[in-house]
Amino acid sequence: MFSVRALLIGLTACVGVAQGEPVAVKIDADKPGAKIDRHLFGQFAEHLGRGVYEGVWVGPDSPIPNTRGIRNDVVAALKELRVPNVRWPGGCFADEYHWRNGIGPQAERPATLNPNWGGVIEPNTFGTHEFMDFVQQIGAEAYISVNVGSGTPHEAADWFEYMTTDQPTTLAKQRAANGHPEPYGISFMGIGNESWGCGGSMTPEQYVSQLRIYARYTRNYNAKHPTLKIAVGPDTADTGYTEAVMKAWKERNWSWDIDGLSLHYYTVGGGWPPKFDATGFGPKEYAALVKHTLRMNELLNTHVAIMDRYDPEKKIALVVDEWGSWLAPTPGSKEGFLEQQNSIRDAVIAALNINMFARKADRVRIANIAQMVNVLQAMILTERDKLVLTPTYHVFHMYVPFQDATFLPVTFDAGSYVNGDITLPQLDAIAAKGKDGKTWLALTNVDPSAPAQVELTSRAKRAVGRVLSAPKVDSVNTFDAPNAVAPKSLEAKARAGKINLKLPPHSVAVVALEE
Ligand code: AHR
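Take a look at the structure:
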């Protein structure tokens with residue numbers, strides 16, 4: 007019998023589950039773990055391609071139904087996800103963003119360039135007030151990344167004073183004149199983005215010297231709404247930033263502090279640039295991409311171990327504020343717009359990543375999938391007035407009960423799915439005690455060729471929930487067929503203390519256990 011722990015330690019060491027034989031699953035309700043922070047289900051909206059313009063912002067004069075320029079259909083869909091926070095304005099864009107361009111009368115805002123993403127014109131019509139209006143409309147909190155690469159500590163400090171002070175300073179008066187007399191509450195501040203790369207190519211030492219200054223002078227003046235500060239951390243497996251930032255934090259003095267360290271890891275599947283097709287692939291490419299996504303666990307282990315050395319009390323959160331699949335762009339889409347379709351494979355990838363974060367919920371407390379609308383592994387795709395919910399959207403929706411739930415260990419035999427020289431666990435599972443008092447179980451059948459039978463030993467009388475599956479390994483939702491991949495209800499009654507659930511190939515299920 008393999009436990010979840012064994013699954014994580016040695017994915018390739020799992021024994022096979024005989025086809026058709028049920029996998030025994032047991033939830034250990036007596037050993038509750040950490041809170042699965044709702045902020046693990048965060049989103050990311052960068053000024054990139056059609057992520058913000060078109061995807062969120064259409065302007066108040068658009069024929070597309072909107073509220074103060076923000077599209078109503080997208081807001082309604084995101085509200086269903088209970089999005090806890092949205093990271094903005096980037097990404098690489100953040101380190102070239104000058105916030106003053108995005109305030110005041112829209113007609114007077116400068117047109118600037120977006121050199122990172124297609125070199126297109128940035129109209130600056132979506133700025134601070136529009137972003138805050140958007141997060142308030144969807145009921146989320148704001149995660150704002152300040153410009154370290156090409157900005158100054160002064161500019162970043164002014165931005166936070168503008169947004170958060172209730173004192174009648176010149177900047178606060180300007181905010182009021184721009185329509186918002188009340189100070190905004192900002193939950194998270196990113197101090198730069200990928201400062202080892204697009205954010206300034208800084209060595210860890212160079213970044214740490216910037217970090218000390220920015221962490222000192224970017225203040226939140228809204229006492230009712232604390233801001234957690236998140237430092238740039240590792241690129242994938244490179245531990246240079248992890249060591250340097252954590253060491254600096256450990257040796258800090260009274261004048262500065264941080265609350266989180268960021269990790270970025272994309273599921274690419276091969277070399278750079280991303281080559282894996284988003285559609286038209288078979289089980290071989292499916293297996294290769296799932297294998298690549300499971301590398302997240304190894305990365306979490308590596309960086310958490312370093313953080314534990316400097317911070318055994320786990321004060322600093324590991325913040326996976328960019329994750330998801332990065333595939334070959336949709337044929338015919340604009341260069342640099344990072345548009346890709348989203349299949350049932352993405353749904354499996356989403357569930358596996360959330361499960362990996364949840365198992366380390368004592369350290370991994372914030373995560374942001376990249377990105378929310380029309381970019382990379384999106385929740386939503388839009389085309390003029392049409393909208394389609396992706397398979398990844400449905401996973402986030404099914405996992406809502408896990409937000410702020412208490413982790414419960416699950417014992418199960420992960421089994422294996424073998425494709426060529428790739429061996430993957432066949433089954434993955436997490437469980438939690440929800441804020442609603444119910445016990446929730448999430449199951450993923452990774453195997454794209456065979457269903458999985460699960461036999462849960464439980465006091466519960468029945469399991470009720472939903473399962474997301476699809477006819478083919480590359481099934482997607484399109485504007486013409488928006489419900490090709492949509493959750494269906496799943497229900498099973500207990501017999502002699504056992505609940506049997508059948509999971510279709512490449513599927514994700516979430517059920518509540520009712521006693
Ligand atoms: O999400 C797209 C880009 O990926 C972000 O702008 C950057 O931070 C990362 O390299």
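521 is the number that our numbering gives the last residue of the sequence shown; the numbers go up by one with no jumps. Note that CB positions come from ideal geometry on N, CA and C, so glycine has one too.
The C-beta distance from Gly266 to Ile322 rounds to 6 Å, short enough to fall under 8 Å. Restricting attention to beta strand (DSSP E) runs no shorter than 3 residues, the region 338 to 400 encloses them at 370 to 376, 386 to 389 and 392 to 395, ordered along the chain. Across the set Asp43, Asn107 and Lys256, the C-alpha of Asp43 shows the shortest separation from the C-alpha of Lys441. Between the alpha carbons of Ile236 and Arg218 lies a gap of roughly 12 Å. When secondary structure is reduced to three states using DSSP, Met138 falls in the helix class. Of the candidates Gly471, Ser422 and Ala476, the residue whose Cα lies closest to the Cα of Val29 is Ser422. Shown here, Gln112 sits in a helix according to DSSP, grouped into three states.
Rounded to the nearest angstrom, the gap between the Cα atoms of Pro111 and Gly185 is 10 Å. According to the DSSP assignment, Ile428 belongs to the beta strand (DSSP E) that extends over Ile428 to Leu430. Taking C-beta atoms under 8 Å as the contact rule, Ala40 and Ala437 fail to qualify, at a distance of about 13 Å.
DSSP places Val473 inside the beta strand (DSSP E), whose first and last residues are Arg468 to Leu474. Within the region 156 to 220, the runs of beta strand (DSSP E) that reach at least 3 residues and sit entirely inside it are, in chain order, 194 to 197.
The beta carbons of Glu497 and Ala458 sit about 17 Å from each other, so the pair does not count as a contact at 8 Å. Under the three-state reduction of DSSP, Thr308 is assigned to helix. Close CB contacts of Pro71 within its chain, under the 6 Å cut and outside five residues either way in sequence, are with Asn78 (chain order). Fewer than three Cβ pairs drawn from the region 180 to 199 and the region 122 to 129 lie within less than 8 Å of each other, which leaves the two stretches out of contact. In the DSSP assignment, no residue is bridged to Asp101.
Note that the C-beta distance between Tyr316 and Trp262 is not below 8 Å. The closest heavy atom of the ligand AHR lies less than 7 Å from the beta carbon of Asn199.
Between the region 47 to 58 and the region 94 to 106, the count of Cβ pairs shorter than 8 Å is three or higher; the stretches touch. Per DSSP, reduced to three states, the secondary structure at Glu86 is helical. Counting along the chain, Gly246 sits inside the alpha helix (DSSP H) bounded by residues Gly246 to Lys256.
With a beta-carbon spacing of about 7 Å, Asp283 and Leu333 fall inside the 8 Å limit used to define contacts. Assigned with DSSP and collapsed to three states, Gln409 falls in coil, not helix or strand.
The beta carbons of Ser349 and Asp480 sit about 5 Å from each other, so the pair counts as a contact at 8 Å. Counting only residues of its own chain and dropping the five nearest sequence neighbours on each side, Lys320 has a CB closer than 6 Å to the CB of Asp368 and Arg369. Spanning the alpha carbons of Leu509 and Glu102 requires a straight line of approximately 46 Å. Under DSSP, Asp263 takes part in no beta bridge, so it has no partner. The Cβ-Cβ distance between Lys439 and Glu520 does not fall below 8 Å.
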